[in-house]
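Trainee: No gaps in the numbering here: position 83 of the sequence shown is 82 in numbering that gives the first Met the number 0, and each next residue is one more. Quick reminder that beta carbons are idealized off the backbone N, C-alpha and C, glycines included. Please read all numbers here as calculations on a predicted model, not as lab measurements.
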Amino acid sequence: MNAVTEPAPAAAAAIQAIAPGTARSDPRKVVFEANKLSKRLHRQVGQAIGDYNMIEAGDKVMVCLSGGKDSHALLDLLISLRERAPVPFELVAVNLDQKQPGFPEHVLPEYLQRRGVPFHIENQDTYSVVKRLVPEGATMCSLCSRLRRGVLYRVARELGATRIALGHHRDDMVVTLLINMFFGGRLKSMPPKLVSDDGRHIVIRPLAYVAEADLQRWAEHRQFPIIPCTLCGSQTDLQRVQVKAMLHEWERQYPGRSDNMLRAMAHVTRSHLLDRNLYPFESLKATGVADAAGDKAFDDDACTDPTRLESVALHLKRAADLEG
Ligand code: SF4
0 MNAVTEPAPA
10 AAAAIQAIAP
20 GTARSDPRKV
30 VFEANKLSKR
40 LHRQVGQAIG
50 DYNMIEAGDK
60 VMVCLSGGKD
70 SHALLDLLIS
80 LRERAPVPFE
90 LVAVNLDQKQ
100 PGFPEHVLPE
110 YLQRRGVPFH
120 IENQDTYSVV
130 KRLVPEGATM
140 CSLCSRLRRG
150 VLYRVARELG
160 ATRIALGHHR
170 DDMVVTLLIN
180 MFFGGRLKSM
190 PPKLVSDDGR
200 HIVIRPLAYV
210 AEADLQRWAE
220 HRQFPIIPCT
230 LCGSQTDLQR
240 VQVKAMLHEW
250 ERQYPGRSDN
260 MLRAMAHVTR
270 SHLLDRNLYP
280 FESLKATGVA
290 DAAGDKAFDD
300 DACTDPTRLE
310 SVALHLKRAA
320 DLEG
């Protein structure tokens, strides 16, 4: 584990990331907070890997490293977890250099050498392809990520990787769920584990339980060499920005809401949605047998909403008044 036994690097930003408002002269608090964050991250990643059986003995895990905070944290945590994992597995970090203008190509190889982790840099000029094919002003992300995915699958095959690890986190999953609901009319998010489009690999998301804010703090604390994600000059995905801002505001007003939404994704009641492919509504028949779980037909849980509670109480009072 990346347990912290001495004060975080002297940089004030790193200290503030871990323990906001802490003076540099209070290293004990910084160490305490950093250890707490480290433990939480390791626990959550270990839990997600275990819950979804993401990694098995003998796996070769290809960690896709873009140079952003999320993929840096993913690699960092997997390196650390591997050292004390109950099963042996290999790691190989892969960066796809898409030849975006200004991409600092020396940064990741130098960092990865320092970390002592096997790595591969794949040079493929998908940037020019996207620029050539996508009309000026249109969003490039869809084609860009499709090309990137194809290259990464090929590289995984060439490296003999059995798992492809991506750095998507809890907030990515919740935001994707909301975007698909709001704009796509689908109840669908990002799975923690799936079979790749070419059918040859298992793609895993070990950060599925991790909050983005924690990754941000960890990245600042560990001082990863971050490569900015704006080099391609693509327009910002407005839907994602809006939904993220909304989620951020909800989280501020009602802490824990994002975690609840993630939990909801893992506790789906098929009979209480409308998908006829998931539940046999047409052939539903009264069984004549009492259900031990019971009381599930009308459970919209409205009574946990304080505004609804008030109106229910008012209604009951009026009924009592009338009877009186
Ligand atoms: S932001 Fe840039 S690099 Fe990322 S998917 Fe979009 S076009 Fe590609």
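Could you tell me which residues DSSP puts in a beta bridge with Ile54?
Mentor: Per DSSP, none; premise fails for Ile54.
Trainee: Going along the chain, which residues of its own chain have a beta-carbon closer than 7 Å to the beta-carbon of Leu142, five neighbours each way excluded?
Mentor: Taken in chain order, the residues that qualify are Val129, Leu132, Val133.
Trainee: Quick one: what's got a C-beta closer than 6 Å to Arg185's C-beta in the same chain, skipping five residues either side?
Mentor: Same-chain partners within the cutoff: Asn179.
Trainee: For a quick check, are the C-beta atoms of Val194 and Ile163 less than 8 Å apart?
Mentor: No, Cβ-Cβ distance for Val194 and Ile163 is not below 8 Å.
Trainee: Taking the straight line between their C-alpha atoms, what separation do you get for Ile226 and Val44?
Mentor: Computed Cα separation, rounded: 23 Å.
Trainee: What residue range does the alpha helix (DSSP H) around His71 cover?
Mentor: Run containing His71: 68-82, per the alpha helix (DSSP H) assignment.
Trainee: Closer than 7 Å: is that where the CB of Met189 sits relative to any heavy atom of the ligand SF4?
Mentor: No, the ligand SF4 has no heavy atom inside 7 Å of this Cβ.
Trainee: Return the chain-ordered list of same chain residues with a C-beta closer than 6 Å to the C-beta of Asn94, the five sequence neighbours on each side being excluded.
Mentor: The answer, listed in chain order, is Leu64, Leu107, Ile120.
Trainee: Please report the straight-line C-alpha distance between Ser282 and Asn276, rounded to a whole angstrom.
Mentor: Rounded to the nearest angstrom, the two C-alpha atoms are 12 Å apart.
Trainee: Does at least one heavy atom of the ligand SF4 sit under 7 Å from the Cβ of Ser70?
Mentor: Checking every heavy atom of the ligand SF4 against the Cβ of Ser70, none is found closer than 7 Å.
Trainee: Using only the alpha-carbon positions, how far apart do Arg81 and Ser37 sit?
Mentor: Looking at the two C-alpha atoms, the distance is approximately 15 Å.
Trainee: My assumption, with CB atoms under 8 Å, is that Ala218 sits in contact with His168. Please give the rounded CB distance.
Mentor: No, Ala218 and His168 are not in contact; Cβ-Cβ is about 12 Å, not under 8 Å.
Trainee: For the beta strand (DSSP E) that Asn122 lies in, which residues bound it at each end?
Mentor: Note, Asn122: beta strand (DSSP E), 118-122.
Trainee: Considering only residues of the same chain and omitting the five flanking positions on each side of Asp171, which have a CB-CB separation below 7 Å?
Mentor: Closer than 7 Å at Cβ, skipping near neighbours: Met189.
Trainee: Compare the C-alpha of Gly115 against each of Lys35, Ser79, Asp290 and name the closest.
Mentor: For Gly115, the nearest C-alpha among the options comes from Ser79.
Trainee: What residue does the alpha helix (DSSP H) around Ala212 start on, and which one ends it?
Mentor: Where Ala212 is concerned, the enclosing alpha helix (DSSP H) stretches over 211-221.
Trainee: Which residue marks the beginning of the alpha helix (DSSP H) containing Val173, and which one marks its end?
Mentor: Per DSSP, Val173 belongs to the alpha helix (DSSP H) from 169-183.
Trainee: Hey, would you say Arg221 sits closer than 8 Å to Leu165, going by beta carbons?
Mentor: No, they are not a contact pair.
Trainee: Spatial neighbours of Val174 within its chain, please: C-beta separation below 7 Å, excluding the five flanking residues on both sides.
Mentor: Cβ within range, chain order: Arg239, Val242, Lys243, Leu246.
Trainee: Report the rounded CA-to-CA distance for Lys284 versus Tyr278, giving the unit in angstroms.
Mentor: Approximately 13 Å between the Cα atoms of the pair.
Trainee: Give me the pocket residues for the ligand SF4, defined as CB within less than 5 Å of any heavy atom, sorted by chain position.
Mentor: Those satisfying the condition are, in chain order, Met139, Cys140, Cys143, Ser144, Cys231, Ser233.
Trainee: Just the C-alpha distance for Leu77 and Leu230, rounded to the nearest angstrom, thanks.
Mentor: Those two C-alpha atoms are separated by around 27 Å.
Trainee: I'd like to know whether the C-beta atoms of Glu137 and His200 end up nearer to each other than 8 Å.
Mentor: Reading off the sequence shown, one finds Ala at residue 137, where the question assumed Glu. The answer is no: Cβ separation not under 8 Å.
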